Amino acid sequence: MTEHVDRSEPEAAGTPTAVAVTPADAADAARLVAFGLQPKLQPARDQEYADLLRRHREDPAFARLADAVAAGLGLVVLEVSPRAGMAVTAAEDSVFAVRMGDYARRTAADSGDRFLHGLAHLAVAALAFPRPEDLADDGYIGRVTVNGVDAFVRQACRRLEERAEERGENTDPATDAPGLEAAWRIWARRSATGATKDARRPAASTTGIVAKALAFLTDSGFLQRTGDESGGTYRTTARYQLQVRDMAGSAALAELLELGIVPMAGGTPSLLPAEDGDDLDLVADAGLPFHS
């Protein structure tokens, strides 16, 4: 009688076995991304959200699945942690991307004011995180006010005017020219507060533009309003720090920071000497956290 010999190779010990993704896994991953798209939702206040974040941290396969779901929606995952939740930002081609033109229409702003709205957002980011170490420190909390941001921009306007005069450049060109060199002229000419019959702040005033920017960032989960002093006071969230950190290399923000204006105690800006550096061009319609 012939003995049957099993010549198949034995399964190597320790070889991981692929685990099939179930519909329930896909649903949980999509649910986590959905939580991430609700920027005001805090993991500490939602048990399901906290559980999914823990699963993302402890289960690499689930983490890859959730990240893939986000990527498929055109989202970039900035961080997944208890402090920030699933923090995502929209890629330029994502359906979730917000563009400055859309923002201007949302705020009923004149199309000619897009530069001013973009400049307001850049100023908020620069004031909230004026130093690289502020962006790198997860525990850092920035604080801004409506009046402080307006004063910051107006001081930047004066610095830009001085720079233009030093170079012998035309200090009164067309207001629709791109770049900070044009935006400061429009901002400097605009009334800070204006006046209405019922003492409301006009939306077209510079403080009105700043207030719109801060309200938008608050609605987006990037800031938290903390009081009414100085036109409105706000503190940054972990999500905003991640957003600004992701955009810190933008030419627009770099150009504004290159002026050397940094905040002092109490939110009052002060002009300090800027380090020598190459000038950077401001992309038209640029702003945080928008796509041009």
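Mapping the sequence shown onto the numbering used here, position 244 (from 1) lands on 241, and the numbers just tick up by one.
Heads up, the beta-carbon is just placed ideally off N, CA and C, and yes, glycines get one too.
Here the structure is a predicted model, which means the values were calculated and not measured.
8 Å contact criterion, which residue i and residue j should meet: CB distance rounded
| i | j | result |
| --- | --- | --- |
| Tyr46 | Ala125 | Actually they do not touch by this definition, with Cβ atoms about 25 Å apart. |
| Leu75 | Asp22 | About 23 Å separates the two Cβ atoms, so there is no contact after all. |
| Gly218 | Lys37 | 5 Å |
With 16 other Cβ atoms within 10 Å as the buried cut-off, status of residue i
| i | result |
| --- | --- |
| Val92 | exposed |
| Thr19 | exposed |
| Thr223 | exposed |
| Lys209 | buried |
| Pro129 | exposed |
| Ala17 | exposed |
| Asp48 | exposed |
| Ser51 | It should be noted that the sequence gives Arg, not Ser, for residue 51. Exposed. |
| Arg164 | exposed |
| Asp225 | exposed |
| Pro57 | exposed |
| Ala24 | exposed |
| Asp110 | buried |
| Asp275 | With a pLDDT of only 32 at Asp275, under 50, the local geometry of the prediction cannot be trusted, and the value read off the model is given with reservation. With fewer than 16 other Cβ atoms within 10 Å, it is exposed. |
Residue i versus the options, residue with shortest Cα-Cα distance
| i | options | result |
| --- | --- | --- |
| Asp90 | Pro20, Ser78, Gly71 and Pro79 | Gly71 |
| Ala68 | Tyr231, Arg52, Ala26 and Thr223 | Ala26 |
| Arg42 | Ala63, Val141, Gly82 and Asn144 | Gly82 |
| Leu214 | Ala117, Asn144, Leu62 and Asp243 | Ala117 |
| Ala185 | Asp56, Ala148 and Ala94 | Ala148 |
| Pro40 | Pro127, Ile183, Ala60 and Val77 | Val77 |
| Ala245 | Asp64, Gly115 and Ala122 | Ala122 |
| Phe59 | Gly136, Arg28 and Ser188 | Arg28 |
| Ile183 | Ala94, Gln221, Thr86 and Gly115 | Gly115 |
| Leu211 | Thr190, Arg151 and Val146 | Val146 |
| Leu157 | Arg140, Arg187, Trp181 and Ile138 | Trp181 |
| Leu306 | Ala189, Ile138 and Arg151 | It is not possible to answer for residue 306, since the shown part of the chain is limited to -2 through 289. |
Spatial distance of residue i from residue j (CA atoms)
| i | j | result |
| --- | --- | --- |
| Leu113 | Thr234 | 24 Å |
| Gly228 | Val241 | 23 Å |
| Val30 | Thr142 | 32 Å |
| Glu55 | Arg232 | 31 Å |
| Asp216 | Gln35 | 10 Å |
| Ala153 | Arg160 | 10 Å |
| Thr293 | Ala133 | Any property of residue 293 remains undetermined from this structure, which presents the chain solely from -2 to 289. |
| Thr230 | Gly136 | 19 Å |
| Pro79 | Asn144 | 33 Å |
| Asp243 | Ala65 | 19 Å |
| Val85 | His53 | 14 Å |
| Val207 | Arg140 | 14 Å |
| Asp131 | Glu162 | 33 Å |
| Ala87 | Val73 | 6 Å |
| Pro127 | Ala120 | 10 Å |
| Thr190 | Gln44 | 44 Å |
| Leu220 | Gly33 | 16 Å |
| Asp173 | Arg187 | With a pLDDT of 45 at Asp173, under the threshold of 50, the predicted position of this residue should be treated as unreliable, though the coordinate-derived value follows. Distance between the alpha carbons of Asp173 and Arg187 is about 15 Å. |
| Val150 | Ala201 | 15 Å |
| Arg155 | Ala94 | 33 Å |
Closer than 8 Å to chain C by CB, residue i
| i | result |
| --- | --- |
| Arg42 | Looking for chain C here will not work: only one protein chain is present. |
Proximity test, residue i beta-carbon vs the ligand SAH heavy atom, cut-off 7 Å
| i | result |
| --- | --- |
| Phe93 | Although the ligand SAH was asked about, the structure shown includes no ligands whatsoever. |
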